[in-house]
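I have placed the structure first, in the form of structure tokens, so that the comments after it can refer back to it.
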Amino acid sequence: MVLKVIETFSGIGAQAKALERIKARIPDYKYDIVATVEWEIGAIYAYDIIHNGQQDLSIYDDLTKDDLVDRLSLYNLSSDGKNPISDNLDGRKYTLKRMNLEKLKGIYHSIVNNNNLVDISSVHADDLPEADMLTYSFPCQDLSISSYWHQNFSGIDRDAHNRSGLLWQIERILKEYNNQKLKKPRFLLMENVTAIKSPRNVDNFNMWQEELEKLGYKSYTDLDLNAKNFGIPQNRVRTYMLSVLIEDQPESWTKIQEFLDNRQNKLHQVKDDPGISEFLRLDYNSRPEYLREALDSTPNWTPSRETIYNDSVKLARGKEVLGPIAKTITTKQDRNPNAGIIIHELNLDGNKAPYRNLTPRETFLLMGFDEDDFDNLIQNNMNVTKSRSMLSHSKLLKLSGNSIVVNVLEEIFTQTYRIDNLFFKNVRHLDVQQRNII
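Residues 1 to 438, numbered by UniProt numbering, are exactly what the sequence shown covers, in order.
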């Protein structure tokens with residue numbers, strides 16, 4: 001059987017990467033990403049490169065720029081992941097016409113190649129292929145601690161009309177499945193910041209679970225998982241919720257809970273901090289891009305940077321690793337707090353700081369992606385103007401900071417695979433060799 005997956009709020013495809021890893025471990029494991037939903041242009045493009053490699057844009061040589069503008073203007077795209085490029089069709093066309101032909105081709109290729117439906121608020125159940133799992137990592141901006149700094153207290157209120165409130169679009173789609181008598185996904189997987197359980201948001205979170213139960217889903221919420229327990233040297237705790245459709249087998253839920261509650265389950269493992277040395281690129285002579293990226297990540301020396309230097313975790317000095325793990329990777333590194341800094345010991349001219357921030361390459365590695373993934377992005381990073389690439393330094397940091405740690409997802413999907421085999425396929429035992437692999 002092929003596990004068919006819909007990735008909503010797909011970003012750069014941490015879910016797809018995790019499934020790819022499982023496939024490499026379990027030869028009989030088969031999956032298919034049947035649809036994605038993502039509206040940020042940079043993430044759309046990065047997803048395609050990471051998971052499909054170099055684009056063949058020649059297949060669109062018969063399309064003129066106006067053709068591409070007309071086609072892309074039908075999608076509600078975003079440049080920053082927060083706001084649409086325009087609120088109306090004419091505005092979208094105007095913005096798209098300012099892009100060069102290659103960029104338009106790259107965006108369109110990425111959308112078509114990954115069956116990307118782009119805007120979650122415009123997706124309907126009958127737009128989606130039949131699937132076994134739907135993942136939703138809806139935006140956290142209105143839930144996270146930083147939202148409180150900006151006096152944003154809307155959280156995931158149903159009527160908030162904010163980015164985090166897009167959670168309720170998933171409810172709408174699931175209700176459409178019901179109303180149209182379409183087959184619902186067996187599994188739903190949510191990921192977000194732990195603030196979803198905070199006093200401000202917990203009532204809405206509980207309401208969401210109640211709505212899911214009305215739709216036939218039981219939800220397991222004891223999944224506040226830290227990346228450092230899954231082989232990634234980053235202190236990053238996120239809340240995951242696995243919802244299982246049990247309307248046809250209600251008696252199975254107690255057993256599924258017992259399975260997930262078992263402290264021997266790898267989801268509950270607590271490990272010593274993994275070493276960070278293999279995730280940092282400190283030997284600048286080994287590859288020229290390591291030095292170039294280090295220099296790009298070295299800020300000017302200012303009073304505010306001196307404060308950052310004093311406040312930050314020191315992960316390394318020169319080639320010597322100092323820190324055991326990084327703090328949480330966010331969408332920016334030149335900030336206070338950050339994930340940690342490296343004292344570079346480079347003899348730099350000018351008013352440069354004695355430290356550097358983590359490079360985009362390092363943040364991708366600390367989110368569980370492979371170095372080949374990052375190399376693919378750099379090698380296929382098309383120029384959109386004479387001085388600007390599709391994926392800028394800051395955009396790459398943002399994409400990694402907004403992603404999900406691949407290793408954590410890999411373990412969740414592995415356990416979901418076991419649940420599916422044990423409780424929904426009348427399989428009461430797994431092949432011995434398969435047990436050992438899992």
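Idealized CB from N, CA, C, for every residue including glycine.
On a predicted model such as this, the values are computed, not experimentally measured, just so you know.
Quick one: Cα of residue i to Cα of residue j, how far?
{"i": "R287", "j": "I41", "result": "30 Å"}
{"i": "N351", "j": "Y29", "result": "54 Å"}
{"i": "D248", "j": "G216", "result": "9 Å"}
{"i": "L104", "j": "F424", "result": "44 Å"}
{"i": "V5", "j": "Y47", "result": "15 Å"}
{"i": "A16", "j": "R361", "result": "19 Å"}
{"i": "Q433", "j": "L134", "result": "Note that Q433 has pLDDT 41, beneath the 50 cutoff, so the model's placement of it is unreliable and the number below is only indicative. Answer to the nearest angstrom: the Cα atoms are 29 Å apart."}
{"i": "K23", "j": "Y31", "result": "8 Å"}
{"i": "N76", "j": "T414", "result": "34 Å"}
{"i": "residue 441", "j": "D66", "result": "Absent from the structure is residue 441, since the part of the chain shown begins at 1 and ends at 438."}
{"i": "G13", "j": "L399", "result": "10 Å"}
{"i": "P84", "j": "Y220", "result": "34 Å"}
{"i": "K395", "j": "M1", "result": "38 Å"}
{"i": "L397", "j": "D203", "result": "33 Å"}
{"i": "D334", "j": "Q169", "result": "34 Å"}
{"i": "N383", "j": "E102", "result": "8 Å"}
{"i": "F138", "j": "H51", "result": "21 Å"}
{"i": "D132", "j": "S10", "result": "16 Å"}
{"i": "K255", "j": "L189", "result": "19 Å"}
{"i": "P129", "j": "E7", "result": "12 Å"}
{"i": "K332", "j": "R236", "result": "15 Å"}
{"i": "Q180", "j": "Q257", "result": "30 Å"}
{"i": "G318", "j": "T416", "result": "42 Å"}
{"i": "I107", "j": "G81", "result": "15 Å"}
{"i": "R71", "j": "D90", "result": "13 Å"}
Which class does residue i belong to by DSSP, given the choice of helix, strand or coil?
{"i": "M207", "result": "helix"}
{"i": "K228", "result": "helix"}
{"i": "N52", "result": "helix"}
{"i": "A343", "result": "Rather than Ala, the amino acid found at residue 343 in this sequence is Ile. Reduced to three states, the DSSP call for I343 is strand."}
{"i": "Q269", "result": "coil"}
{"i": "T359", "result": "coil"}
{"i": "D375", "result": "helix"}
{"i": "T95", "result": "helix"}
{"i": "E191", "result": "strand"}
{"i": "Y284", "result": "coil"}
{"i": "D261", "result": "helix"}
{"i": "T201", "result": "At residue 201 the sequence reads Asn, which differs from the Thr that was named. Coil at N201, not helix or strand."}
{"i": "K214", "result": "helix"}
{"i": "V237", "result": "strand"}
{"i": "I33", "result": "strand"}
{"i": "E40", "result": "strand"}
{"i": "E176", "result": "helix"}
{"i": "E102", "result": "helix"}
{"i": "N115", "result": "coil"}
{"i": "N152", "result": "Residue placement at N152 is flagged as unreliable, the pLDDT there being 46, under the threshold of 50; a coordinate-derived value is accordingly withheld."}
Thinking residue i and residue j are a contact (beta carbons under 8 Å), I'd like their distance in whole angstroms, please.
{"i": "R21", "j": "V406", "result": "7 Å"}
{"i": "N116", "j": "V37", "result": "7 Å"}
{"i": "N381", "j": "S389", "result": "5 Å"}
{"i": "S297", "j": "N336", "result": "No, S297 and N336 are not in contact; Cβ-Cβ is about 15 Å, not under 8 Å."}
{"i": "G323", "j": "P274", "result": "With 8 Å as the limit, G323 and P274 do not qualify as a contact, their Cβ atoms being about 12 Å apart."}
{"i": "I343", "j": "A316", "result": "7 Å"}
{"i": "L366", "j": "I329", "result": "6 Å"}
If we count the other Cβ atoms within 10 Å of its Cβ and call it buried at 16 or more, is residue i buried or exposed?
{"i": "Q269", "result": "exposed"}
{"i": "Q55", "result": "buried"}
{"i": "S243", "result": "buried"}
{"i": "P185", "result": "buried"}
{"i": "R92", "result": "buried"}
{"i": "L245", "result": "buried"}
{"i": "Q379", "result": "exposed"}
{"i": "H109", "result": "buried"}
{"i": "A18", "result": "buried"}
{"i": "K228", "result": "buried"}
{"i": "N178", "result": "exposed"}
{"i": "H124", "result": "exposed"}
{"i": "S147", "result": "In this predicted model, S147 has a pLDDT of only 46, less than 50, meaning its place in the structure is not dependable; the value taken from the coordinates is given anyway. Counting Cβ neighbours within 10 Å, S147 comes out buried, since at least 16 surround it."}
{"i": "S239", "result": "Looking at the sequence itself, residue 239 is Thr, so the reference to Ser does not match. The residue is buried, with at least 16 neighbouring Cβ atoms inside 10 Å."}
{"i": "R292", "result": "exposed"}
{"i": "L282", "result": "buried"}
Indicate, with yes or no, if the ligand SAH has a heavy atom lying under 7 Å from the CB of residue i.
{"i": "W301", "result": "Inclusion of the ligand SAH in the displayed structure is not the case, the ligand content being empty and no account of it being possible."}
### Task
Identify every run of the alpha helix (DSSP H) within the stretch 378–428, keeping only runs that are complete inside it and at least 4 residues long; order them along the chain.
393–401 and 406–423
| In chain order, which continuous runs of the alpha helix (DSSP H) of length 4 or greater are located wholly inside the stretch 288–343? | 288–296 and 303–311
**Item:** Whole alpha helix (DSSP H) elements within the stretch 56–91, 4-residue minimum
**Value:** 65–72
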